[in-house]
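The opening residue of the sequence shown carries number 27 in the numbering used here; numbering runs sequentially from there. Backbone N, C-alpha and C fix where the C-beta goes; we use that ideal spot for every residue, glycine too. Being a predicted model, the structure only gives us computed values, none of them experimental.
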Amino acid sequence: MLSTGPELRLLRLLSCLTLVLLCQVTDAKKDLKSACNTCRQITENFNKGFERTANQNFGGGNTAWEERKLSKYETSEIRLMEIVEGLCDSSSFECNHMVEEHEEHFETWWFKRKTKHPDLHKWFCIETIKVCCPKGTFGPDCNACVGGSERPCHGNGACDGDGTRGGNGKCSCHHGYTGEFCLDCIDGYFNEVRNDSFSLCTECHFSCKTCTGANNQDCDECKEGWEEDDQETCVDVNECSKDPVPCKEDQYCLNTEGSYSCKDVDECSQSEPVCTKEHQECVNNQGSYTCICFEGYEEQDGECVQTQQPDTAEESEASEATASPHGEL
């Protein structure tokens, strides 16, 4: 029985609340990633500022007096303030807010922690304000990514939230890899090496949809435009040799590896160079113009390969005389 009245309104209210909570959780994860990225940029800019001010001093006329009376510029508060002032662009609200909120931490690190904890990003972003995680970990508790923190996603993908307090740790696999652990291969690739913690996916021969090796004899399934021959090898389908030819009457058919194209021409002539490969000629097949290999040649891997040698010098010269791809039959 369908809910009506108050029950229906309650269900709608619960659905709305659930949707709002899901949106808030998603936004919170984004905010955690963003906070870490901001903190990382701040510490990178701090290091740049530290290098930029390495050879400066107070800028007065009597440097020796300044160092004696005001302490050395190298470890001075003046130098710290000059660095901090250059951490953020004026337009970056998130960056400026984080610096202002935690300015005392920079002072603490500068005067008390710098020697023992030289890695500012680790001390400030990971251990102190806790908006980042060590590389290879993610989430509020800095859990290890899939595959372990040393090789997240087994080296074949990116861990969601890697190095931040956000994300869910799921892998986005690099091209060629798939699966929860990025150990499987997508169609068109095969496992050259595979164990429980390592996978190397290598591209199949271009004629294979799926395969077990790198050659066209290793295809499990041929791509569209290819077919198995008697040796179970994927070879190109010559669509232009089919009857009827798959082009209009005022076109010629040009076979390509795994496909074909239809070109608009009036006739096979010197003014319309239609056959582009060596040892090919254009043939009028009832109004459709097809590029075929010369006599004594056959198509192999998209090229016309000589299969029969001329018997005499005269036949060789005659073959050369007809070698133009533009000759009309």
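Mapping the DSSP letters down to three states, classify residue i as helix, strand or coil.
| i | result |
| --- | --- |
| G181 | helix |
| V191 | Inspection of the sequence shows that residue 191 is occupied by Arg rather than by Val. The answer is coil: DSSP assigns R191 none of H, G, I, E or B. |
| V261 | strand |
| K156 | coil |
| Q243 | helix |
| I212 | coil |
| T141 | coil |
| L106 | helix |
| S60 | helix |
| L101 | Reading the sequence as shown, one finds Thr at residue 101 and not Leu. Three-state DSSP puts T101 in a helix. |
| S117 | coil |
Between the C-alpha atoms of residue i and residue j, what's the straight-line distance to the nearest angstrom?
| i | j | result |
| --- | --- | --- |
| F164 | N194 | 7 Å |
| L209 | D115 | 42 Å |
| F119 | L113 | 12 Å |
| N122 | P160 | 24 Å |
| Q296 | C319 | Residue placement at Q296 is flagged as unreliable, the pLDDT there being 43, under the threshold of 50; the coordinate-derived value follows with that caveat. Cα to Cα, Q296 sits roughly 18 Å from C319. |
| V125 | C151 | 12 Å |
| E304 | I212 | 36 Å |
| W136 | H143 | 10 Å |
| D246 | H231 | 11 Å |
Given residue i, which residues of its chain have a CB within under 6 Å of its CB, disregarding the five upstream and five downstream residues?
| i | result |
| --- | --- |
| P272 | E265 |
| S287 | L280 |
| D244 | C237 and T238 |
| T282 | none |
| K95 | Legend: pLDDT at K95 = 49, less than 50; position of this residue unreliable, no value from coordinates given. |
| S198 | G183 and A184 |
| T64 | E120, C121 and M124 |
Classify residue i: buried if its beta carbon has 16 or more other beta carbons within 10 angstroms, exposed otherwise.
| i | result |
| --- | --- |
| G173 | buried |
| G328 | exposed |
| E176 | exposed |
| V331 | exposed |
| D53 | Note that D53 has pLDDT 46, beneath the 50 cutoff, so the model's placement of it is unreliable and the number below is only indicative. It counts as exposed. |
| A80 | exposed |
| T204 | buried |
| L355 | In this prediction, L355 scores a pLDDT of 36, lower than 50, which makes its location untrustworthy; the coordinate-derived value is nonetheless stated afterwards. The residue in question, L355, is exposed, as its Cβ has fewer than 16 Cβ neighbours within 10 Å. |
| K274 | exposed |
| K59 | buried |
| Q257 | exposed |
| Q335 | exposed |
Identify, in the order they occur along the chain, each residue of the same chain with its Cβ nearer than 7 Å to the Cβ of residue i, setting aside the five sequence neighbours on each side.
| i | result |
| --- | --- |
| R139 | W149 |
| C171 | G162, T163, F164, P178, C179, C185, D188 and G195 |
| P166 | R191 |
| E153 | none |
| K249 | S233, C234, K235 and G284 |
| W252 | S233, C260, V261, D262, V263 and G284 |
| T228 | Y215, F216, E218 and A240 |
| I109 | F72, G75, F76 and T79 |
| T69 | L146, H147, F150 and C151 |
| R66 | H147, C151 and C158 |
Where DSSP assigns a beta bridge to residue i, which residues make up the other side?
| i | result |
| --- | --- |
| F132 | Paired residues: none, contrary to the question. |
| C219 | Rather than Cys, the amino acid found at residue 219 in this sequence is Val. Beta-bridge pairing links V219 to L226. |
| W252 | D262 |
| F164 | N169 |
| C237 | C245 |
| E324 | V331 |
| K148 | DSSP, once it has assigned bridges, lists no residue as partnering K148. |
| N73 | Paired residue(s): none; N73 is not in a bridge. |
| C197 | C185 |
| Q277 | D290 |
| T282 | S285 |
Can residue i be considered in contact with the ligand SAH, in the sense that its beta carbon sits closer than 6 Å to one or more heavy atoms?
| i | result |
| --- | --- |
| G239 | No copy of the ligand SAH appears in this structure; indeed no ligand is present at all. |
Given residue i, which residues of its chain have a CB within under 8 Å of its CB, disregarding the five upstream and five downstream residues?
| i | result |
| --- | --- |
| L226 | N217, E218, V219 and R220 |
| N169 | T163 and G195 |
| N71 | G112, L113 and C114 |
| H131 | F150, T154 and I155 |
| D255 | V261 |
| E324 | C330, V331 and T333 |
Determine whether the Cβ of residue i lies closer than 7 Å to any Cβ atom of chain B.
| i | result |
| --- | --- |
| G251 | Absent from the structure: chain B. Only one protein chain is present. |
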